[in-house]
Structure formats: structure tokens, C-alpha cells
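Asks:
Protein chains: 2
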Amino acid sequence: MKTKKLINAGADAVDEMLQGVLAAHPEHLYAVDSMPRAIIARNGPRKGKVGLVIGGGSGHEPTFLGYVGKGLADAAAIGNVFASPPPDPIMACAMAVDGGVGVLFMYGNYAGDVMNFDMAAEMLALDDIAVRTVLTTDDVASAPADQQDRRRGVAGNVFIFKAAGAACDLLYSFDEAERAARHANARTYTMGVALSPCSLPQTLKPNFQIGEEEMEIGMGIHGEPGVARGPLKTADVVTDELMDNLLREMKAERGDRVAVLVNSLGSTPMMELYIMMRRVKARLDGAGLVIHTSLVGNYCTSLEMAGASITLMHLDDELQRLIDHPCDCAMFRR
Amino acid sequence: MKTKKLINAGADAVDEMLQGVLAAHPEHLYAVDSMPRAIIARNGPRKGKVGLVIGGGSGHEPTFLGYVGKGLADAAAIGNVFASPPPDPIMACAMAVDGGVGVLFMYGNYAGDVMNFDMAAEMLALDDIAVRTVLTTDDVASAPADQQDRRRGVAGNVFIFKAAGAACDLLYSFDEAERAARHANARTYTMGVALSPCSLPQTLKPNFQIGEEEMEIGMGIHGEPGVARGPLKTADVVTDELMDNLLREMKAERGDRVAVLVNSLGSTPMMELYIMMRRVKARLDGAGLVIHTSLVGNYCTSLEMAGASITLMHLDDELQRLIDHPCDCAMFRR
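From first to last, the protein sequence lines are chains B and X. Counting in my numbering, the first sequence runs from 41 upward without gaps. Counting in my numbering, the second sequence runs from 41 upward without gaps.
#1: Counting only beta-carbon separations shorter than 8 angstroms, does Ala-181(B) have a partner in chain X?
#2: Rounded to whole angstroms, how far is the Cβ of Val-300(X) from the Cβ of Ile-331(X), which I believe are closer than 8 angstroms?
#3: For chain B, is any of its Cβ atoms less than 8 angstroms away from the one on Asn-338(X)?
#4: By the 7 angstroms beta-carbon criterion, what residues does the segment 311 to 327 of chain B contribute toward chain X?
#5: Where Arg-86(B) and Thr-243(B) are concerned, what is the direct C-alpha to C-alpha distance, given to the nearest angstrom?
#6: Rounded to whole angstroms, what is the Cα-Cα separation between Ala-234(B) and Glu-312(B)?
#7: Rank Gly-99(B), Lys-42(B), Pro-66(B) and Ala-81(B) by C-alpha distance to the C-alpha of Cys-340(B) and give the top, closest one.
#8: Quick one: does Thr-274(B) have its CB under 8 angstroms from some CB of chain X?
#9: May I have the straight-line CA-CA distance separating Gln-59(X) from Met-371(X), to the nearest angstrom?
#10: Name, going along the chain, the residues of the segment 74 to 91 of chain B whose beta-carbon falls closer than 7 angstroms to a beta-carbon of chain X.
#11: Please name the residues in the segment 54 to 69 of chain X whose beta-carbon is closer than 7 angstroms to at least one beta-carbon of chain B, in chain order.
#12: Which residue wins for smallest C-alpha separation from Gly-347(X), given the options Leu-175(X), Ala-134(X), Gly-232(X) and Ile-250(X)?
#13: So, does the segment 246 to 259 of chain B touch the segment 217 to 228 of chain B, judging by three or more C-beta pairs under 8 angstroms?
#14: Taking 7 angstroms as the limit between beta carbons, can you name the residues of its chain near Arg-269(B), skipping five residues before and five after?
#15: Between which two residues does the alpha helix (DSSP H) carrying His-223(B) extend?
#16: Considering only the alpha carbon of each residue, which of Thr-43(X), Met-41(X), Ile-47(X) and Lys-42(X) lies closest to Thr-274(B)?
#17: Check the Cβ-Cβ distances between Arg-259(B) and every residue of chain X, and say whether any is below 8 angstroms.
#18: Using a Cβ-Cβ cut-off of 6 angstroms (strictly less than) and excluding sequence neighbours within five positions of Asp-179(B), which residues of its own chain qualify?
#19: Do the segment 205 to 212 of chain X and the segment 357 to 370 of chain X meet, that is, are 3 or more Cβ pairs less than 8 angstroms apart?
#20: For the beta strand (DSSP E) containing Tyr-314(X), list its first residue and its last residue.
#21: Run through the DSSP bridge pairs and tell me what Pro-2(X) is partnered with.
#22: Report yes if the CB atom of Val-174(B) is closer than 8 angstroms to the CB atom of Val-121(B), and no otherwise.
#23: Starting from the C-beta of Thr-333(X), find all residues in its chain whose C-beta is less than 7 angstroms away, skip the five residues before and the five after it, and write them out in chain order.
#24: From the DSSP output, in three-state form, read off Tyr-70(X) for me.
#25: Using a threshold of 8 angstroms, state whether the C-beta atoms of Pro-309(X) and Leu-343(B) are closer than that.
#26: What runs of the alpha helix (DSSP H), each 4 residues or longer, lie entirely inside the segment 247 to 298 of chain X?
#27: Helix, strand or coil for Ile-130(X) per DSSP?
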């Protein structure tokens with residue numbers, strides 16, 4: 041059985057999406073000439089500011105496109121569905137947003153992205169554009185705690201990019217912007233649960249199989265295997281399982297503040313997310329932790345996958361200031 | 041086959057969702073004491089301002105809850121999934137937001153809502169709270185053009201509530217606020233397409249049947265029958281079919297401005313919405329119409345239904361000003 045999608049030719053889906061994004065948000069975004077996969081903020085990039093380039097595969101909208109704008113990322117390089125962008129649009133992004141003091145690359149830790157962003161960085165060095173890279177590794181289910189640099193980047197991207205984007209907008213030096221970005225990543229923890237697969241526009245076939253009454257804890261946003269598959273439990277039990285892991289990783293003390301994201305992987309409705317949010321609040325209250333801010337909705341998706349993830353960012357004074365800093369993107373505002 | 045949902049007991053879903061909403065957005069929203077289905081804006085209601093109360097069944101999130109806040113609605117009365125709220129929370133909303141100059145009720149034109157909101161209005165009259173009602177009727181597929189008052193209210197609610205909320209925030213008189221609300225509704229046109237059913241938390245069973253390769257044009261947001269069922273077409277063909285109807289209804293002249301909403305019914309991802317947006321832009325360009333603003337995403341959903349709707353609001357100077365007026369809600373900001 042094929043998934044029904046409102047698309048034209050599957051091979052055109054990403055480029056047609058980008059045309060629609062520019063049609064909807066001309067005041068926020070433009071594409072580099074003859075490089076439609078390099079999407080730049082109209083407002084934000086400027087002389088003396090570290091340029092922030094994010095990017096990765098399509099299919100996670102509003103990640104990455106939606107986080108391009110004043111106070112957040114300066115540009116996003118867009119790949120095919122669930123596939124890294126090649127070096128060309130990454131380079132075009134960097135050149136468009138370079139303010140003369142360095143360009144920061146930030147993206148989820150996936151082999152294909154690392155290869156392509158690194159190639160772009162090497163070529164940019166020949167043009168005297170200095171690039172540094174901070175990988176996001178917030179998915180606690182993707183590798184053990186003593187191998188954090190092997191973890192993948194998932195929905196925590198939203199908070200990590202937000203903090204780094206604010207640091208750049210506040211004209212942090214290149215060293216300081218990189219430090220703040222690493223600090224934001226190191227204090228951000230995500231874990232998810234998948235209930236159904238999604239299907240790519242070119243195949244319309246499910247990207248994995250799962251039983252009619254099963255869930256998979258810890259599955260990645262491209263269907264990477266998780267840590268446990270079993271019968272679907274209630275929202276409270278699932279939320280507890282995720283929160284147990286997140287709280288264990290975070291090692292917060294009573295009175296500490298957190299930013300919370302309860303994120304839909306695609307087709308899980310807000311009703312279910314808020315039911316989970318209710319339990320997140322109860323667990324944080326129980327641990328004596330304070331919710332400084334919370335986001336609930338579709339922030340980092342896997343097309344129409346059913347499921348959700350919970351992200352906690354362990355705030356300190358600096359991260360709180362960076363998360364609260366205003367931003368104005370086509371699909372996200374604070 | 042039952043739909044998998046991240047819920048606890050189905051009967052608790054709405055109340056647990058509301059607890060999660062208050063946990064996530066305490067700075068924006070509160071519930072009336074002992075009336076958890078009456079959700080009030082912390083900021084917005086005030087002396088001398090017409091109070092704006094919206095509401096209806098749950099399952100359409102972020103409609104209605106998400107549009108409660110300064111510059112938009114003052115309160116929302118929340119029903120069970122796809123069912124009208126009873127009079128009690130409606131009355132509680134009106135009493136909480138009454139600024140002494142009248143309360144406007146706005147909601148989609150459904151028999152159950154009309155009955156309950158009218159009963160509340162009658163009882164409020166006994167307490168000397170003057171209520172007027174403006175029904176939204178933007179769904180052009182739900183009745184012929186010569187029977188607009190029989191049409192249902194769907195995703196166009198977002199623009200219609202936005203315009204009315206701005207009018208109230210700008211301290212329009214009761215007469216003027218009602219006029220502006222009717223004016224906004226009269227110039228707003230929506231048509232949708234459904235690809236899959238959704239299921240209610242208490243049954244977990246699909247609310248209608250549709251073939252594996254079929255779509256239904258004009259289906260309502262509770263699964264009400266549409267105007268045509270047939271094989272799924274490409275995004276461009278589907279968009280054209282919707283736009284043909286909307287443009288015919290709108291009777292705009294070249295150079296006129298519109299606000300556009302491309303809305304997911306739940307599980308249709310942003311990629312597909314933006315592919316549709318691309319075609320909407322082409323059709324508006326072809327008609328010589330100017331996009332003043334556009335929204336693309338989950339704005340008025342039917343739980344996890346797959347499908348989308350397109351809304352056009354035919355702007356004039358007043359509506360443009362009202363749509364541009366700032367608002368600050370938990371789930372929507374301008």
C-alpha cells in the first residue's frame with residue numbers, strides 16, 4: 041500500500057517545497073542565485089557578526105528552513121529528503137552570510153552531513169573564509185553517555201541553534217560563539233518514541249515496519265533503530281520512560297531551570313503532545329525543576345511519522361538569556 | 041485496526057490536554073476556577089473592551105485554544121472532541137472577559153455549537169451581559185453560494201478571529217466590532233481536501249472510510265461529506281481545483297490583496313503544504329492578486345486526518361490593518 045501524498049513528481053518535491061517557502065515568506069527568506077538549495081535570511085547576516093549556517097536533509101520541516109532569520113541562523117543548506125546537502129549549497133550559504141569574522145556550521149551528527157559540510161569548509165578555507173563546526177548530539181538514545189560524540193542530533197536542534205543564533209546576533213566573537221554553541225549542545229537532551237513509519241516522496245513506501253500495537257522507544261528521525269520495541273503504553277508511561285532517561289542524563293539539581301520541547305514527529309496531534317506535556321510538568325515538579333519556557337508542536341518532524349520526542353535544555357544564566365533573545369524567522373518567532 | 045495514540049484513558053484526553061496547555065503556557069492562559077473548560081487570556085480582557093469569546097469542539101488544535109491572547113480572542117470554551125462545549129464554560133468565559141461594553145461570541149456554524157452558545161447568551165442576558173454572535177461560514181464546499189448562512193466554519197476561523205480580535209483590541213464599539221467580524225467572515229473562503237480519516241480518543245476507530253488511492257474534495261473538519269470523491273491527483277491538480285472554486289467565490293479584481301492560509305488537517309507534512317503554496321502563488325499571480333501575508337502549517341486540524349485546506353481572505357484596507365495588528369497567543373504570534 042502506497043502512502044497518499046499531495047505532491048507532484050516525487051523527484052521534484054524538495055525544490056517545489058522551496059519554491060513554496062519563498063512564495064510564502066519573501067520578507068524573511070531568499071535563495072542564492074542559481075543555487076535554490078541555499079536559503080538565506082534577508083535580515084540577520086551582517087559585517088562583524090559570526091555567520092551561522094545550519095542544514096541537512098529535507099523532511100524535518102520546520103527544521104532547518106524554519107530557523108533561518110534574524111536572531112537565529114543566517115542560512116540553511118537543504119538536502120534531498122533525509123539526505124545531506126552536497127558541498128555546493130553549503131558553500132553558497134557560507135559565502136552569502138560571511139561577515140568577515142568566521143562562519144559557524146551547525147548540524148546534526150550524521151556521517152553524510154559531516155562529510156559534505158567538511159568538504160565545504162575545506163574549500164571555503166581556500167577563499168579565506170574561516171569555518172568552525174559544532175555538531176549537535178542531543179539524542180540520548182543513539183549512543184551511551186560515555187560516547188556522546190557518537191550521538192545523533194534531533195529535535196534539540198531547535199534550542200541549540202536558538203542559543204547559538206542568539207550568541208551570534210549578540211556579536212559574540214568567533215571563539216565565544218563556538219563555545220556557546222558547544223555549551224548549548226552539551227546541556228540539551230532529547231529522547232523520542234515512534235508509533236508509525238513515514239514514506240519518502242519518491243517511493244511512497246514505509247521506511248520501516250512496526251506492529252499494529254507496537255511502539256519503538258529511541259527511534260531516530262530517519263527511522264534509525266531505537267533502544268526498545270514493545271507494546272504501546274499509555275502517554276504517562278511512555279513519558280515517564282523518556283523522562284527517566286532525560287533526568288538521569290541531565291543531572292540537574294533542585295531549583296535548576298529547563299527549557300522544554302514536546303515535539304511531534306509529524307502526524308501526532310497537539311492533543312497528544314499536551315497530554316505528554318502535562319506529565320512532563322509533573323515529573324519536573326517532582327524533581328524540583330522549574331520550566332522556564334516550553335514549546336509544544338511540530339518543530340522537528342520526520343514527514344508524517346507518528347510519535348513524539350521530549351527535549352530538555354538544562355539552562356544556566358547564559359543559556360536562559362540566549363533562549364530568551366528575540367528571533368524572527370518565517371516559521372518561528374520569540 | 042485501532043489507531044495508536046499517545047493518550048491515557050480516552051475519556052480523559054481533553055482535560056489532560058488542557059492541563060498540559062496550562063503547564064506549558066502559564067504566562068498566556070489560565071482556566072476559570074472550577075471550570076477547567078473555560079480558558080482565559082491573562083493579557084487582553086479589560087474594561088471598556090468588547091470581550092471576544094470563541095470555542096467549539098476539541099481536536100482542531102491549535103484551534104481554538106491557540107488563538108486566545110492579547111490582540112486576538114479573550115477566551116475559549118472547550119468541548120469534548122468534535123462536540124460543542126455546554127453552556128456553563130461558555131458563560132464562565134463571557135463573565136471572565138466582560139469589559140462592560142458587550143461580549144462577542146464567534147465560532148463555526150454547527151448546530152450543536154449554535155444551540156449551546158445561544159443558551160449561554162440567554163442566561164448571560166439575565167446577568168446584564170449583552171452578547172452578540174457572529175458565526176463563521178468560510179467553508180465554500182459546505183453549501184451553495186446563495187446559502188452562505190448554511191455554510192460551516194473551518195480553517196478561515198484563523199483569519200476571521202484574528203481580524204475580530206484586533207478590532208476588539210483597538211477598542212472598536214460593540215456595533216463596530218460586530219460589523220468588522222461579519223465583514224471578515226464575509227470575505228473569507230476556504231476549501232479542503234481529505235486523504236485519510238482520523239480517530240477519536242474514545243473509539244480509536246476511523247471516523248470515515250476512504251479508498252487507498254482516493255481523496256475527497258470539500259470534506260469537513262469532522263469528516264462531513266464533501267463535494268467529490270475520486271482518485272488522488274497531483275498537488276497541482278488538487279490545488280487548482282480548490283483555487284478554481286475559491287477564486288470564483290471571491291470575485292476579486294486584479295491588484296486586490298489577499299491573506300493566504302495553507303493548512304494541514306493534521307498529518308499532512310509541511311513539505312506538501314509548501315508544494316501546494318507554490319501553486320497557490322502561481323494561481324494568484326495569474327489572477328493578478330497580491331499576497332499580503334501567508335500562513336502555512338497546522339492551524340486548524342482534525343486530529344491526525346491527512347489532507348489540507350486553502351483559505352483566502354479578500355483584504356481591504358481595514359482587514360489588512362486588522363490582520364497586521366500584533367497579537368500574542370501561546371500558539372500564534374504576529
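Heads up, the beta-carbon is just placed ideally off N, CA and C, and yes, glycines get one too.
Replies: Per the coordinate set shown:
#1: No, because no Cβ of chain X sits closer than 8 angstroms to the Cβ of Ala-181(B).
#2: 6 angstroms
#3: yes
#4: Met-311, Glu-312, Tyr-314, Ile-315, Met-316, Met-317, Arg-318 and Lys-321
#5: 41 angstroms
#6: 13 angstroms
#7: Ranking Gly-99(B), Lys-42(B), Pro-66(B) and Ala-81(B) by Cα distance to Cys-340(B) puts Gly-99(B) first.
#8: Put simply, the CB of Thr-274(B) is near chain X, with a gap under 8 angstroms to one of its CB atoms.
#9: 15 angstroms
#10: none
#11: Glu-56, Met-57, Gln-59, Gly-60, Val-61, Ala-63 and Ala-64
#12: Gly-232(X)
#13: no
#14: Once the five neighbours on either side are set aside, the close Cβ partners of Arg-269(B) are Glu-254 and Glu-256.
#15: According to the DSSP assignment, His-223(B) belongs to the alpha helix (DSSP H) that extends over 214 to 226.
#16: Ile-47(X)
#17: Going by the sequence as given, residue 259(B) is Met instead of Arg. No, Met-259(B) does not count as interfacial toward chain X.
#18: Arg-191, Arg-192, Val-194 and Thr-230
#19: yes
#20: Run containing Tyr-314(X): none in the beta strand (DSSP E); it sits in the alpha helix (DSSP H), 310 to 326.
#21: As shown, chain X starts at 41 and ends at 374. That puts residue 2(X) outside it, with no answer to give.
#22: no
#23: Ala-299 and Ile-363
#24: strand
#25: yes
#26: 275 to 290
#27: DSSP places Ile-130(X) in helix when its eight states are reduced to three.
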